[in-house]
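First residue of the sequence shown? That's 0 in numbering that gives the first Met the number 0, and the numbers climb one at a time after it.
Notes for the one structure printed next.
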Amino acid sequence: MGWSRALREAARSGLTIERAKLTPLIAVRGSAGVAIVIGLCLWRGDPVLAVSSAFGAFASGIVTFQRSMRPRPVLALAVAGALAVSTFLGYLAAAHTAAFVALLAGWTFLSGMAWAIGPVFGLAGTQTVAIMLVTVTLPTSVLGALQHAALIFFGGVVQATLIVVFPVRPWGTQRDALADALAAEADYARRLRQDPVAPFDPAPLMDARLASTVTARQARRRPAQLHGPRGMAERLRPVLASLADPVVGAPLEGPERDRARDLLAAAATVLDAVAHAVRHAKPVRLPPEAMATLEVPATGPMLTGAARRSAYRLISLLVDAVELTDEPVRSTRPLTEAERGHLLRPSVPRLVPVALRALHREARWSSHIFRHALRVAAVAAVGYLLGTALPFGHGYWAPLASVMVMRPDFAQTYARGVARFSGTLVGVTAGGALMALVHPGEYLSAALAVVCVWLMYLLMRTGFSVTSACVAAYVVFLLGIAGEGWEQTVEERVVLTLVGGLLALLSYALFPAWETPRLRDRLAEWLEANGRYARAVYGRHAHPAEGRPRQVREALLDARAARAAWEKTEARAEKEPVRHRGLSAGSAKAAGAALATMGRVTMILEAHLPDKDAEPSPGAAAFAAELGPSLERAAEAVRERGTLDWSALRTVWERWDAEAGSEGVAPRAADLLLDALDGLAEALSRGPDGGDGAAPGTIRAPR
């Protein structure tokens with residue numbers, strides 16, 4: 000993709016307004032927190048303090064709207080504390096330009112590194128930089144700085160208190176995540192009716208697992224519907240795929256295929272009903288037609304072999320899912336061993352070493368997060384000096400615009416830059432026009448600012464350009480409380496926002512952190528993770544009595560994480576104006592499809608794991624033993640642009656297949672797995688251009 004096309008795509012993405020589910024009650028609660036803080040300060044007769052404290056409540060409210068499974072009051076308090084510290088330190092250094100620029104650069108670097116811990120932490124770090132830039136421009140003393148910092152923290156306390164006192168749909172985020180996973184399973188079952196090898200995106204299941212990770216206190220209060228159906232959904236996916244697959248399940252044509260389609264349709268109906276019940280905390284309502292289909296027929300088309308076992312397993316799991324969902328809403332049961340282990344979220348103090356390890360892992364020159372931190376720190380310092388030197392007031396708006404739009408990847412930075420400028424232009428124009436026509440006083444300006452906050456919270460997920468317009472108008476009205484002239488505010492905001500946006504865009508062009516060169520590493524990591532998953536499953540077939548259920552489960556989770564990392568890198572690389580280095584866009588898509596097929600075949604075989612008292616399989620043991628070295632060599636070949644050779648693995652399978660004959664699901668699944676690996680080798684052997692050479696005007700990425 001060339002630069003011109005990449006910039007057009009980024010601009011179009013930034014200006015896109017999406018349809019999103021609105022949450023007016025939550026928006027009212029967040030804006031009420033801002034209104035309480037502003038009202039208290041105005042009641043005391045100090046407009047400057049009202050402006051300062053409003054930013055604390057405003058920023059704390061923004062973070063609580065981000066996608067996080069942690070309790071919202073904790074997020075509000077954590078962000079408010081960080082805002083208070085950054086504000087106080089900024090006040091101490093504000094009198095000396097050199098000291099403040101050094102503090103700003105260092106603090107911005109740390110906020111950029113916070114993306115290594117997670118997106119919510121990265122956004123919180125960005126908010127602290129923004130507040131440091133804004134509030135230090137308000138005149139005060141050291142004692143006044145403490146007062147400002149305390150008020151900013153008080154704004155977060157107000158937001159946290161409102162969340163606790165006025166809960167809106169408790170456990171709503173967790174319910175939505177689990178319902179989305181069940182609905183995704185239902186959609187998968189419907190697609191399998193038409194396409195027996197339809198792909199499945201595991202992202203909803205990953206989100207549901209993340210939502211089910213709670214604290215010990217939450218686990219005691221969690222509704223029963225939020226800890227049972229997720230496990231059913233996890234076990235249903237391989238059973239659905241196994242039933243539909245024409246090799247190990249029902250034949251592609253004939254009465255058995257018709258029966259399999261009926262079962263898949265009924266499963267989709269039941270899963271949709273369970274998803275609706277979980278989302279709305281209501282009993283499950285099942286249509287009689289679906290229940291009749293799930294009954295084992297006395298006569299008519301019957302399934303045989305592996306397909307019959309899959310059908311029985313499917314019916315049993317669906318019954319369990321319905322029964323678990325219909326349990327009482329409140330659960331007072333003791334914690335299980337699983338919940339005491341991997342499903343318990345660590346406390347805040349225990350997160351500190353985890354965060355430090357994440358920061359240490361990304362503290363290297365090749366890390367795109369480390370390069371982002373350096374980039375945003377340099378832009379913030381240069382933007383502040385440039386804004387101060389320009390003949391405008393409020394020079395902090397230039398670095399503020401840069402910091403708010405910059406993200407670790409190219410596409411988001413450019414898209415947000417365009418959205419920020421267009422939204423700011425609309426917001427300051429609308430706010431300035433209203434100020435010119437109405438000439439509001441302190442209280443009316445405060446009311447208009449609160450309305451803008453409510454609109455921003457309400458429209459948070461519709462697009463960055465929309466929220467930027469609301470924020471721009473909010474700032475116009477907020478500064479109007481302190482007596483700022485709207486004419487100067489509008490002019491400064493537009494010009495300095497443009498300057499800050501250009502600095503952000505220029506920084507990525509001069510000091511990029513491309514994802515394209517990382518494609519082969521991500522692909523090799525996914526291949527290795529899939530290999531561990533396949534070895535765990537075949538190991539259970541080889542030695543049923545020695546298998547550990549957690550071993551297969553942990554390998555599956557690692558494979559999902561590796562797939563998610565690959566898809567994220569591939570999506571970012573697709574939008575970069577960078578010529579590939581040995582892995583074209585076409586080759587990347589074909590290789591990803593091959594590894595997805597490998598994971599699907601392993602998942603199907605997982606649905607047929609033998610009981611512990613089953614006979615060991617020497618063929619499966621030999622296949623698993625050879626699979627490890629073959630995949631290790633293949634992963635190295637992927638990284639070093641070598642040739643993939645599966646001849647040794649295929650020889651072992653041929654010997655196993657000859658001994659097993661037509662019996663057994665495992666040898667047939669191994670054949671499908673080898674076909675997927677051959678597809679990977681073919682995808683990577685297309686040559687450096689892969690039939691779709693780079694567009695003119697692109698630059699070549701470093702290796």
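By construction, the Cβ of each residue, glycine as well, lies at the ideal position given by its N, Cα and C atoms.
Identify which residue in the options has its Cα closest to the Cα of residue i.
i           : options            : result
residue 547 : 534, 36, 558       : 534
residue 565 : 503, 33, 526       : 526
residue 530 : 380, 676, 184, 360 : 676
residue 598 : 671, 549, 632      : 671
residue 176 : 188, 190, 41, 202  : 202
residue 288 : 18, 279, 262, 383  : 262
residue 567 : 291, 127, 520, 611 : 520
residue 490 : 423, 462, 451      : 423
residue 284 : 291, 269, 293      : 269
residue 536 : 523, 553, 524, 522 : 553
residue 242 : 230, 188, 205      : 188
residue 619 : 668, 39, 91        : 668
Answer with buried or exposed for residue i, where buried requires no fewer than 16 other C-beta atoms within 10 angstroms of its C-beta.
i           : result
residue 87  : buried
residue 11  : exposed
residue 650 : exposed
residue 98  : exposed
residue 16  : exposed
residue 654 : exposed
residue 158 : buried
residue 124 : buried
residue 282 : exposed
residue 426 : buried
residue 476 : buried
residue 617 : exposed
residue 453 : buried
residue 279 : exposed
How many Å lie between residue i and residue j at the Cα?
i           : j           : result
residue 315 : residue 235 : 10 angstroms
residue 682 : residue 674 : 12 angstroms
residue 515 : residue 573 : 8 angstroms
residue 359 : residue 408 : 20 angstroms
residue 354 : residue 81  : 15 angstroms
residue 637 : residue 679 : 10 angstroms
residue 101 : residue 21  : 41 angstroms
residue 396 : residue 14  : 21 angstroms
residue 141 : residue 149 : 12 angstroms
residue 445 : residue 433 : 13 angstroms
residue 626 : residue 118 : 37 angstroms
residue 83  : residue 509 : 34 angstroms
residue 405 : residue 561 : 26 angstroms
residue 386 : residue 170 : 45 angstroms
residue 60  : residue 160 : 12 angstroms
residue 122 : residue 128 : 10 angstroms
residue 459 : residue 466 : 6 angstroms
residue 623 : residue 523 : 19 angstroms
residue 468 : residue 146 : 30 angstroms
residue 606 : residue 163 : 43 angstroms
residue 27  : residue 174 : 22 angstroms
residue 665 : residue 600 : 10 angstroms
What is the DSSP secondary structure of residue i, counted as helix, strand or coil?
i           : result
residue 609 : coil
residue 47  : helix
residue 405 : coil
residue 395 : coil
residue 4   : helix
residue 663 : coil
residue 352 : helix
residue 189 : helix
residue 642 : coil
residue 260 : helix
residue 108 : helix
residue 466 : helix
residue 333 : Low confidence applies to residue 333: its pLDDT is 47, below 50, so where it sits in the model is not reliable, and the reading given next is rough at best. Looking at residue 333 - three-state DSSP - the assignment turns out to be coil, as it is neither helix nor strand.
residue 170 : coil
residue 149 : helix
residue 441 : helix
residue 205 : helix
residue 20  : coil
residue 676 : helix
residue 182 : helix
Answer yes or no: the CB of residue i versus the heavy atoms of the ligand GTP, is any distance below 7 angstroms?
i           : result
residue 634 : Among the components modelled here there is no ligand, and therefore nothing to report on the ligand GTP.
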